[in-house]
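**Q**
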Amino acid sequence: MSIIKELESEAEKIIDEAKKEAKRIIEEARKKAEEILAQPIPEEEFKSLREELMRKYEEEIRRLREEYKKKIKEIKEFSEKSKSRILDEFIKAVLGIK
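The numbering of the sequence shown is the numbering used here, which starts it at 215 and goes up by one.
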């Protein structure tokens with residue numbers, strides 16, 4: 215059963231990593247926005263640049279979410295296979311089947 219706990223722990227680490235990465239990206243976007251705001255640029259250019267940055271970071275966040283969803287799905291599938299294999303081995307052991 216420790217395999218399952220290890221897999222769950224790994225899934226939690228991946229989720230935590232994804233959250234940290236998303237926070238980092240958002241913080242980076244905020245810093246960029248602050249830098250842009252500190253510079254005197256025409257409003258239209260500012261809006262365009264802001265929209266471009268927001269699209270870039272939103273796309274990066276979507277990409278990370280999909281990547282981590284895929285990893286979590288793989289871990290869950292492996293976990294289910296492991297549970298099934300462990301249960302089969304347990305039943306065989308109880309029944310005395312090799």
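A virtual CB, placed ideally from N, CA and C, is assigned to each residue, including glycine.
My output table needs one value for K287: the three-state DSSP class, helix, strand or coil.
**A** Taking the first residue of the sequence shown as position 1, residue 287 is located at position 73. DSSP places K287 in helix when its eight states are reduced to three.
**Q** Taking K237 as part of the alpha helix (DSSP H), name the residues at either end of that continuous run.
**A** One-based indexing of the sequence shown puts residue 237 at position 23. K237: member of the alpha helix (DSSP H) spanning 216 to 252, first to last residue.
**Q** Among E226, E288, L267, E303, whose alpha-carbon lies nearest the alpha-carbon of E242?
**A** By 1-based counting over the sequence shown, the position of residue 242 is 28. Comparing Cα-Cα distances from E242 to each of E226, E288, L267, E303, the minimum goes to L267.
**Q** From I311 to S216, what distance separates their C-alpha atoms?
**A** Here residue 311 refers to the residue found at position 97 when the sequence shown is read from its first residue. Here residue 216 refers to the residue found at position 2 when the sequence shown is read from its first residue. Going by the C-alpha atoms only, they are around 23 Å apart.
**Q** In whole angstroms, give me the CA-to-CA distance for I239 and E281.
**A** Along the sequence shown, read from residue 1 onward, the residue named residue 239 stands at position 25. Along the sequence shown, read from residue 1 onward, the residue named residue 281 stands at position 67. Computed Cα separation, rounded: 15 Å.
**Q** I'd like to know whether the C-beta atoms of R264 and A236 end up nearer to each other than 9 Å.
**A** As a working mapping, residue 264 is identified with position 50 in the sequence shown. As a working mapping, residue 236 is identified with position 22 in the sequence shown. Cβ atoms of R264 and A236: not closer than 9 Å.
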